[in-house]
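So the number in the numbering used here is just where the residue sits in the sequence shown, counting from 1, plus 670. As structure tokens, the structure follows; a few thoughts come after it.
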Amino acid sequence: MKADELGNIDFAPTRRGSYTLIPEKTVRTICLYLPQFHAIPENDKWWGKGFTEWTNVVPAKPQFDGHYQPHVPHPDVGYYNLLEPGVIARQIKQAHEYGIDGFCFYFYWFGGHRLLEKPIELFQSDKSHEMPFCLCWANENWSRRWDGNESDVLIAQDHSDEDDIDFIKYITKYITDPRYIKVGGKPLVVVYRPAELPDAKRTANIWREYCRKQGIGEIFLATTNSFEKSNPAEYGFDAVVDFTPNSAGLSPTRDLIENLPPSFEGGLFNYDNLVAQSDNYRVEDFTIFRGASPSWDNTARKKNKGYIFLNSSPVKYQKWLDNSIKYMTECKSAPNDSLVFINAWNEWAEGAHLEPDQKYGYAHLEATKLSILKSAIANMPAIKSDEKSLAVIIHAFYLDVLEEFLIEIKKNSSKLKVKIYVSVPFGNTDAARAMLNASKFDYILTEVQNLGRDVLPFIKLCRMAAKDGFPLILKLHTKKSKHREDGDQWRNELLQKLVGNGELFRNHQNIIRDQSIGILCPSGHLVPLKNHWGGNAEHCATLAARLGYEFEEIIDMKFAAGTMFFAQTKAILPILNLAIDDEDFDEELGQTDGTFAHALERIFTVSCAAAGLVTTEQTGKKTNKPYAFAKIG
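In structure tokens:
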């Protein structure tokens, strides 16, 4: 199977649950937020009655074959009006579920005349909106060309000392809000282009002095590098917000598309270059808050003169965001002072939106969450050398085998503090409870429908174990593999290598001694993915993409055949945080291959890699013989 033979692997479904388990974060992620999704009198006059951002988004046309236009909102989002009840609350809920820490609202001030402020006022006035926020003064002229230049100006800036005072005085109601974002305890005020101010240093000093006199204290001023690439100190500011992709300084080309229509007069860029730049960020001698953008394409505004970044994808965006978060983490500032800015939450007319659309679904939101999670995992403390706890997670489809498992675990667990998490089919609870009570283990027992083989029940129970704080888990299931004559032999060999003859304690201790190990599988049962795709390649590619890996990057990985293994819980956290629920799984009809569950069991190794850990097997005699319990293919 080759990557170009796969279908659409970049889609992620609606988040149906509310499961989010992210350890202590290393940075705060802030999304730039455009409030132009409601009508105002000025836009009615300039652009026509009822104009909003959607007016340009809806009729956008592709400019060449394969060009993704128009961007159509996911049904969960729709063509919303920010003034309608519930819209802002829905956005906040979505942002929270995917680990986003705040919105940075564009604020439009023209010599005291304010535009598009109503959504910000609605947000602030509702104290149930528990989302940190800050303001970015978009201090450009508004022009008919959407570029802030002097041509065909609709409304102009009007700078003066008096206007500086009026501005800071007016936004005091925002920067003193308890939810307002602070850096080093100072309210953060972002100015899009301080070079447009007559004397930026003077303006900064006026603002700072006003805030001191009013008892607000110090403020933290940041510029963007959308146009000016200067040290912020030149403007009397404290930091730079990396305004992507404008900050990349790339030149447009027409060579990325063959037979580009002459009617297209815009510029093409390669998104891969943005990711490559982030692989080698220059360490600046001033504070810069790095950023990332899911994509960029302003065709909706510019028509045939737009700037378009080709080859973007949720996977590549995740890699870029990984690098930006890593840069901020390595700056060694406190997590609350390390910000990463994402451009943007809802720039639909510029093709830069985390909000779900019909092509990618929730993939960009999920990619954001995975980047945040991976950084948090890397920052987790090591497991203590004297740790003795272990969560044993068992899907017990066959109760006679459950009894065997409990006996074997009991014989080998005297040096450990074991808690058993068991799932059983409906109707088997009483019998399973009797066995568990007799075992004297602390346990959790839950009923599940016959869905997702052993994998879906494992995900549900592992989420419980993770929330209960277990750093190590053992995954077992009462497999009989009745389609194979050697099914019982397969199960017994896995059990004995993981549990029997003192292996339970030895495996536990081996991971504690070498904490680069994320998944430890029985010796002889670690097999190459490329030899055992079966009918699962496309499902595997889709899941890998959601975890931040291209298909080519997972081909040479190996997975635990039989799906029984020891693991650090954090190695499974990336999968646990995906939007995976009952609806993803196929009805159980006796399939032996090709279902979502069959793919997912192969992808635990990718989750482990995403957590920065390795999948390996117990030391022992290796063999070059084909794996005995599965066909190559």
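Where is the CB? At the ideal position from N, CA and C, for every residue including glycine.
- ASP1100 and GLN764 have their C-alpha atoms spaced approximately 39 angstroms apart.
- Below 8 angstroms, too few C-beta pairs join the region 1071-1086 and the region 1034-1048 to call them touching: fewer than three.
- Relative to ILE845, the option among PHE803, PHE1236, LEU1196, VAL742 whose CA is nearest is PHE803.
- Its chain contains ALA1061, LYS1089 as the residues whose beta carbon lies nearer than 8 angstroms to that of ASP1138, once the 5 sequence neighbours on both sides are disregarded; these appear in chain order.
- In the three-state scheme derived from DSSP, where H, G and I count as helix and E and B as strand, GLN884 is classed as coil.
- Excluding residues up to 5 positions away in sequence, LEU704, HIS1023, GLU1025 lie with their Cβ nearer than 6 angstroms to the Cβ of ASN1016 in the same chain.
- With respect to LEU1174, LEU1069 sits apart: the two C-beta atoms are not nearer than 8 angstroms.
- With respect to the C-alpha of ASP1007, the residue from ASP680, THR699, ALA1211 having the closest C-alpha is THR699.
- Per DSSP, the beta bridge partners of TYR977 are GLY937.
- Taking a cut-off of 8 angstroms for Cβ pairs, the region 1232-1251 and the region 1123-1141 touch, as three or more such pairs fall below it.
- In the three-state reduction of the DSSP assignment, PHE956 falls in the coil class, being assigned neither a helical nor a strand state.
- Under a 10 Å Cβ-count criterion, TYR941 is classified as buried, with 16 or more other Cβ atoms of the shown protein chains found around its own Cβ.
- According to the DSSP assignment, ASP834 belongs to the alpha helix (DSSP H) that extends over 831-845.
- Burial check for ALA826: the Cβ neighbour count within 10 Å stays below 16, so the residue is exposed.
- Per DSSP, the continuous alpha helix (DSSP H) segment holding ALA1207 begins and ends at 1207-1216.
- If you compare the alpha carbons of LYS871, ASP771, ARG960, TYR862 with that of SER830, the shortest gap goes to LYS871.
- If you ignore the 5 residues before and after TRP779, its C-beta comes within less than 7 angstroms of the C-beta of TRP807, PHE837, all in its own chain and listed in chain order.
- If the five residues before and after LEU858 are omitted, its C-beta is found closer than 7 angstroms to the C-beta atoms of CYS804, ILE851, LYS852, PHE890, ALA892, all from its own chain and listed in chain order.
- Taking a C-beta distance under 8 angstroms as the contact criterion, LEU1121 and LEU1115 do not qualify as a contact pair.
- CA-CA distance, SER1193 to VAL1071, rounds to 22 angstroms.
- Collapsing the DSSP output to three states places LEU1283 in coil.
- In the structure shown, TYR997 adopts helical secondary structure according to DSSP, grouped into three states.
- Look at ASP992 here: in three-state DSSP terms it is helix.
- Judged by DSSP in its simplified three-state form, TYR703 adopts strand.
- Between the region 1032-1043 and the region 871-886, the count of C-beta pairs closer than 8 angstroms stays below three; the two stretches do not touch.
- In the DSSP assignment, ASP1184 falls outside any beta strand (DSSP E) and carries neither an H nor an E.
- Boundaries of the alpha helix (DSSP H) around ILE790: 788-795.
- In this structure, ILE1053 and ILE1182 form a Cβ contact; the two beta carbons are roughly 5 angstroms apart against a cut-off of 8 angstroms.
- The shortest CA-to-CA distance from ASP1158 to any of LYS1150, LEU1165, LEU1164 is the one to LYS1150.
- Within its own chain, the residues whose Cβ lies closer than 7 angstroms to the Cβ of PHE1128, once the five positions on either side in sequence are excluded, are ILE1063, HIS1065, LYS1145, listed in chain order.
- Taking each of LYS973, TRP966, SER948 in turn and checking the Cα distance to MET998, the smallest one comes out for SER948.
- For PRO1095, the uninterrupted beta strand (DSSP E) run begins and ends at 1087-1095, by DSSP.
- C-alpha of PRO964 to C-alpha of SER917: approximately 15 angstroms in a straight line.
- Annotated three-state conformation of PRO857 is strand, per DSSP.
- In the DSSP assignment, SER1045 falls within the unbroken alpha helix (DSSP H) covering 1033-1048.
- Residue burial is scored here from C-beta neighbours: ALA1230 has at least 16 other C-beta atoms within 10 angstroms and is therefore classed as buried.
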